[in-house]
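The structure appears right after this line, and notes come after that.
Numbering (mature numbering (1 follows the signal peptide of the UniProt record, and there is no 0)), first residue to last: -19 to -1, 1 to 65.
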């Protein structure tokens, strides 16, 4: 294995380990948290949508994600899948 391959593999491992989309951060979510508090914990969401004071935001990808539903910018419900 070349030095370049080892360096690339090491970088990928470090980036994966630094993901905020994990079981530890999921466990910190609580109903009633503000949108700002959630974004401080998880970072900027991948996507958000909503209307009439309700919204839903998702962090992660198809295999590992956290989804948070808000009412008036406060956490109403949340779910996760594929978290490590």
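All residues carry an ideal CB built from backbone N, CA and C; glycine is no exception.
Residue nearest to residue i in terms of C-alpha spacing, selected from the options
{"i": "residue 19", "options": "-18, 62, 47", "result": "47"}
{"i": "residue 34", "options": "56, 43, 26", "result": "56"}
{"i": "residue 45", "options": "28, 4, 13, 21", "result": "4"}
Alpha-carbon to alpha-carbon, residue j and residue i
{"i": "residue 59", "j": "residue 38", "result": "10 angstroms"}
{"i": "residue 7", "j": "residue 15", "result": "15 angstroms"}
{"i": "residue -4", "j": "residue 32", "result": "Unreliable placement is indicated for residue -4, whose pLDDT of 49 sits below 50; no coordinate value is reported for it."}
Secondary structure of residue i, DSSP reduced to three states
{"i": "residue 53", "result": "coil"}
{"i": "residue 43", "result": "coil"}
Sub-8 angstroms separation of residue i and residue j beta-carbons
{"i": "residue 24", "j": "residue 40", "result": "yes"}
{"i": "residue 51", "j": "residue 30", "result": "no"}
Identified DSSP bridge partners for residue i
{"i": "residue 59", "result": "49"}
{"i": "residue 31", "result": "36"}
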